[in-house]
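Chemist: Chains as they are written, first to last, in this note's numbering: chain A, 488 to 712; chain B, 558 to 683.
#1: Put residue 513(A) into one of helix, strand or coil per three-state DSSP.
#2: When we look at the beta-carbon of residue 660(B) and count the other beta-carbons within 10 Å, is it buried (16 or more) or exposed?
#3: Which of the three DSSP states is assigned to residue 612(B) in this structure?
#4: Would you mind stating whether residue 571(B) and residue 551(A) have Cβ atoms separated by less than 7 Å?
#5: Give me the Cα-Cα distance between residue 513(A) and residue 594(B), rounded to the nearest whole angstrom.
#6: Please report whether the beta-carbon of residue 568(B) lies at a distance below 7 Å from any beta-carbon of chain A.
#7: So is residue 578(A) buried or exposed if we call it buried at 16+ other beta carbons inside 10 Å?
#8: List, in order along the chain, the chain A residues whose C-beta lies closer than 9 Å to that of residue 643(B)?
#9: Under 8 Å Cβ-Cβ, which residues of chain B neighbour residue 555(A)?
#10: Taking three-plus beta-carbon pairs below 8 Å as touching, is the segment 694–712 of chain A in contact with the segment 529–538 of chain A?
#11: Starting from residue 599(B), trace the alpha helix (DSSP H) both ways and give me its first and last residue.
#12: At a CB-CB cut-off below 8 Å, which residues of chain A make contact with residue 575(B)?
#13: So which residues of chain A does residue 561(B) contact, with C-beta pairs closer than 8 Å?
#14: Could you tell me the alpha carbon to alpha carbon distance between residue 567(A) and residue 696(A), rounded to whole angstroms?
#15: Going by C-alpha distance, which of 656(A), 594(A), 682(A) is nearest residue 580(A)?
#16: Please classify residue 582(A) as buried or exposed, where buried requires at least 16 other C-beta atoms within 10 Å of its C-beta.
#17: What separation, rounded to the nearest whole angstrom, lies between the Cα atoms of residue 549(A) and residue 612(B)?
Okay, here's the thing in structure tokens:
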């Protein structure tokens with residue numbers, strides 16, 4: 488049993504390194520080859536975990552090779568459009584000016600039901616409102632509505648809205664984040680003065696966010712942590 | 558670029574390590590096969606002293622090789638050899654030459670099987 492624990496810990500460390508190497512891109516935007524690699528890695532790791540008779544190195548080497556080749560391929564894809572199209576295919580327009588392009592739909596082996604479902608997931612219920620719908624290489628549908636159907640933006644209505652700035656997480660879960668403090672060029676003493684003005688102490692704060700204009704949002708500890 | 562370099566380094570280590578591992582397993586198992594052959598010969602001549610010294614030699618090399626081999630070879634194949642090796646001692650003590658010979662043949666065949674499975678060949682790849 489202890490052997491299984493040790494093997495699981497080693498494989499966890501290997502997978503953590505491999506995932507780090509492959510990058511965050513893998514989690515959010517899986518291309519067809521990336522999806523297959525992820526499934527294969529999962530399977531390769533599961534085999535020695537199930538069977539202690541199989542050497543760990545066999546799986547680790549296979550996982551390392553797959554991940555390295557995938558990273559190398561993704562970098563070659565960045566450099567070469569041809570290679571990218573060969574590996575991932577290319578985006579296909581399936582609706583143009585409210586009209587379904589049936590040939591493209593057939594080539595993608597996509598039914599109208601599939602297309603309508605994907606449109607509904609984008610909150611589009613009427614095909615005639617669509618200027619372009621594009622099936623991306625990762626299988627997602629991108630939709631551009633006709634100009635008259637698009638929601639108005641701030642610039643469309645000409646409203647005067649002050650610029651937003653990013654909130655920095657200065658205290659999270661009651662812990663001071665010194666790097667964030669440094670990021671917004673705020674001294675600890677300045678923070679303490681700011682809290683004092685609110686009759687608060689650093690130890691009382693559960694969450695504190697501060698923007699670049701020194702506007703802050705404070706949540707006090709409720710005594711549970 | 559950093560990620561590419563890291564990937565290439567890992568790939569080089571994986572490929573280089575695999576080649577080294579193949580060579581290591583091949584050499585070590587070939588040595589063990591050679592000793593198993595010597596042991597089989599002593600079973601034919603039924604010379605107790607020769608058999609005992611050949612068995613000791615095989616056991617010593619096996620002891621040295623067993624940990625690294627477990628890193629690369631499926632464990633149950635090695636366990637089978639280990640069990641047979643232990644049995645050989647008791648066959649020899651009882652001067653049961655028929656079983657002793659059978660045991661040495663089984664060990665040799667198991668070692669040769671490992672050699673074949675580690676060999677870089679189309680049969681093994683596919």
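By construction, the Cβ of each residue, glycine as well, lies at the ideal position given by its N, Cα and C atoms. Keep in mind the model is a prediction, meaning the values are calculated, not measured.
Modeler: From the atom records:
#1: Below a pLDDT of 50, predicted positions are generally treated as unreliable, and residue 513(A), at 49, falls in that range; the measurement from the model is reported next regardless. Assigned with DSSP and collapsed to three states, residue 513(A) falls in helix.
#2: It counts as buried.
#3: In this structure, residue 612(B) counts as helix in the three-state DSSP scheme.
#4: In this structure, residue 571(B) sits near residue 551(A), with a CB-CB distance shorter than 7 Å.
#5: Below a pLDDT of 50, predicted positions are generally treated as unreliable, and residue 513(A), at 49, falls in that range; the measurement from the model is reported next regardless. Computed Cα separation, rounded: 53 Å.
#6: Output row for residue 568(B): interface = yes.
#7: Around the C-beta of residue 578(A), fewer than 16 other C-beta atoms lie within 10 Å, and the residue is accordingly described as exposed.
#8: Close partners of residue 643(B) in chain A (Cβ separation under 9 Å) are lacking, with about 19 Å as the shortest Cβ gap.
#9: Residues of chain B passing the Cβ test: 564, 565, 567, 568, 571.
#10: Contact fails: fewer than three Cβ-Cβ distances are below 8 Å.
#11: Per DSSP, residue 599(B) belongs to the alpha helix (DSSP H) from 559–602.
#12: Residues of chain A with a Cβ closer than 8 Å to the Cβ of residue 575(B) are, in chain order, 548.
#13: Those within 8 Å of residue 561(B) in chain A are 558, 559, 562.
#14: When rounded, the separation of the alpha-carbon atoms in residue 567(A) and residue 696(A) is 43 Å.
#15: Checking every option, the nearest Cα to that of residue 580(A) belongs to 594(A).
#16: So residue 582(A) counts as buried.
#17: For residue 549(A) and residue 612(B), the distance between alpha carbons rounds to 37 Å.
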